[in-house]
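**Q** In terms of this note's numbering, the sequence shown is numbered consecutively and its last residue is 517.
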Amino acid sequence: MLIVQKYGGSSVADTTRMENVAWRVIAARQAGHDVVVVVSARGDTTDHLMEEATQTNPNASKREIDMLLTTGEQTSCALLAMTIQGLGAPAVSLNAYQAGISATSAHTSARIKAIDCERIRTELDSGQIVVIAGFQGVNRRGDLTTLGRGGSDTTAVALAAALHADICEIYTDVNGIYSADPRIVKNAIKLPEISYFEMLELAALGANVLAKRSVGLAKKYGVKLVVRSSLNETEGTIVKEEVKMEGIFISGVAVDKDITRISISGIKDEPGVWFKVFSIMNKGNIPIDFIQQTKQDIGTKDISFTVAKNDLPDAIAALNGNTHRLGFDAISHMDGIAKLSVVSTGMATNPGVPSLMFEALFDAGINIDSISTSEIRASVLIDISEADRAANLVHEKFRNGKYIKE
């Protein structure tokens, strides 16, 4: 059996946790499995490196940012291999180049193009535990590029797909995937299983357990995922193609505080305006949500949409760079908002699911700014100061209504 295991930064944050991970990896090998391990940078290493970069040069190129940030994963990778060796098991560490991970040249947001598994298979055949630096790839020029938010999850799933692994285990500091973030919602319930489709929605809506791109890859290539804690032996949550449950249940309540609203005033009121905006954002790989427009004077309108906070500088720069094409008066942005979402596969056929969320917010006197829906989710924008309270109230409303399977 071939297992790919991924350990997040909190799982390898210090020497004690690093040794705990090493023993877990060794146990899998002693059980007769081939093991490939993917690791993230330790603790807050990436944040500290970014702070150093900003202090050194606030306008540093993205290429140099990638060169710096990849050292975090390479440090974790080498230290874990050393720890495993110190405990008496064979291990070898590989960076992206050595592991054959080819990626695009979009620095800080690259995508994996292909993986040449020859070196990894050679090391496995020789009896090694293979430890690979996550979050990174190598472009056609030989430069290191990073994979963006959740990049180590993406690395692990891509490796599992390329190696035809039997399972991909994602280890973190929580016991699995919950009906809400247990750090925010005190009565959150751990889910025994969840579908790729539902997990994709939750990941896109702010659930931080799995990166959206990693779930998409798992679904595309049929990679069996298990999310569990690296700190105990509790059974985790299985992410798979289909989950059979009787009745109408919600998969989760998600909160995303990492968003901001961009407003464009005085834009031309003519066909093709939204196409132009979408094409500009798409070119910059910037997802947008909560799209609204309001007609103003004859021939103009105001439009707004939300983006992730870390996409704000690129979004503003891209729009300002297309002033003549769009023909607007001004651009502004507003923070202080949060997105609260409910995901349920039964939502399309049961309008009572989103109405319960609206009822919970009404009862608590929490004002809804905007609403966005799809076949399996309902999302609202609310004031960020109310986000945690709202998540608890909505979750409790669904729990009391038996919409969450316990």
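Where a beta carbon is used, it is the ideal one built from N, C-alpha and C, also for glycine.
#1: Is Thr417 closer than 9 Å to Asp400 when the C-beta atoms are compared?
#2: What does the alpha-carbon distance come out to for the pair Thr157 and Tyr208?
#3: Might you give, ordered along the chain, the residues of its own chain that have their beta carbon closer than 6 Å to the beta carbon of Gly119, omitting 5 neighbours on each side?
#4: Compare the beta carbon distance of Leu191 and Met129 with 9 Å and say whether it is the shorter of the two.
#5: Taking the CB atoms as reference points, tell me whether Lys450 and Gly259 lie closer together than 9 Å.
#6: Can you list, in chain order, the residues of its chain whose CB lies under 7 Å from that of Glu312, leaving out five sequence neighbours each side?
#7: Taking the beta carbon of Asp227 as the centre, do at least 16 other beta carbons fall within 10 Å, making it buried, or is it exposed?
#8: Is Lys513 helix, strand or coil by DSSP?
#9: Grab me the residues of Met112's own chain with a C-beta within less than 6 Å of its C-beta, minus the 5 sequence neighbours each way, in chain order.
#10: Among the residues of its own chain, which have a CB less than 7 Å from the CB of Glu357, if the five just before and after it don't count?
#11: Could you round the C-beta distance between Thr345 and Met445 to whole angstroms and report it? I think they count as a contact, below 8 Å.
#12: Mapping the DSSP letters down to three states, classify Val222 as helix, strand or coil.
#13: If you follow the beta strand (DSSP E) that Tyr282 is in, where does it begin and where does it stop?
#14: Given a cut-off of 9 Å, decide if Ala267 and Val115 are closer than it, judged by their beta-carbon atoms.
#15: Scan the stretch 285-355 and note each continuous alpha helix (DSSP H) run of 4 residues or more that stays entirely inside, going in chain order.
#16: If you scan the stretch 401-447 from start to end, which runs of the beta strand (DSSP E) of 3 or more residues do you find wholly inside it?
#17: Verify whether the separation of the beta carbon atoms of Ile442 and Ile427 is less than 9 Å.
#18: So what does DSSP say about Asp367, is it helix, strand or coil?
#19: Keeping to the same chain, check which residues put their C-beta closer than 6 Å to that of Lys379; ignore five residues upstream and five downstream.
#20: Use the C-beta contact count for Arg324: other C-beta atoms within 10 angstroms, 16 or more gives buried, fewer gives exposed.
#21: Are the Cβ atoms of Arg251 and His218 separated by less than 9 Å?
**A** Reading it off the structure:
#1: The beta carbons of Asp400 and Thr417 sit closer together than 9 Å.
#2: Each residue's alpha carbon lies about 20 Å from the other.
#3: Around Gly119: Ser151 and Thr283.
#4: The answer is yes: Cβ separation under 9 Å.
#5: Taking 9 Å as the cut-off, the Cβ atoms of Lys450 and Gly259 do not count as close.
#6: Taking Glu312 as the centre and dropping the five residues before and after it, the same chain places the C-beta of Val454, Ile487 and Arg488 closer than 7 Å to its C-beta, in chain order.
#7: It counts as exposed.
#8: In this structure, Lys513 counts as coil in the three-state DSSP scheme.
#9: Same-chain partners within the cutoff: His144 and Asp277.
#10: Summary for Glu357: the model assigns pLDDT 48, below 50, so the residue's position carries little reliability; its value from the coordinates is reported in the next sentence. Residues of the same chain with a CB within less than 7 Å of the CB of Glu357, apart from the 5 flanking positions on each side, do not exist.
#11: Actually they are not in contact, since the Cβ atoms of Thr345 and Met445 sit about 41 Å apart, beyond 8 Å.
#12: First, the residue type needs correcting, since residue 222 is Arg and not Val in the sequence shown. Here Arg222 sits in coil by DSSP.
#13: Tyr282 -> beta strand (DSSP E) spans Ile278 to Thr283.
#14: Yes. Within cutoff.
#15: The qualifying runs are 307-315 and 323-332.
#16: Listed in chain order, they are 411-419 and 441-445.
#17: It is a contact, given that the beta carbons lie within the stated cut-off.
#18: Three-state result, Asp367: strand.
#19: The answer, listed in chain order, is Gly438.
#20: Burial call: buried.
#21: No.
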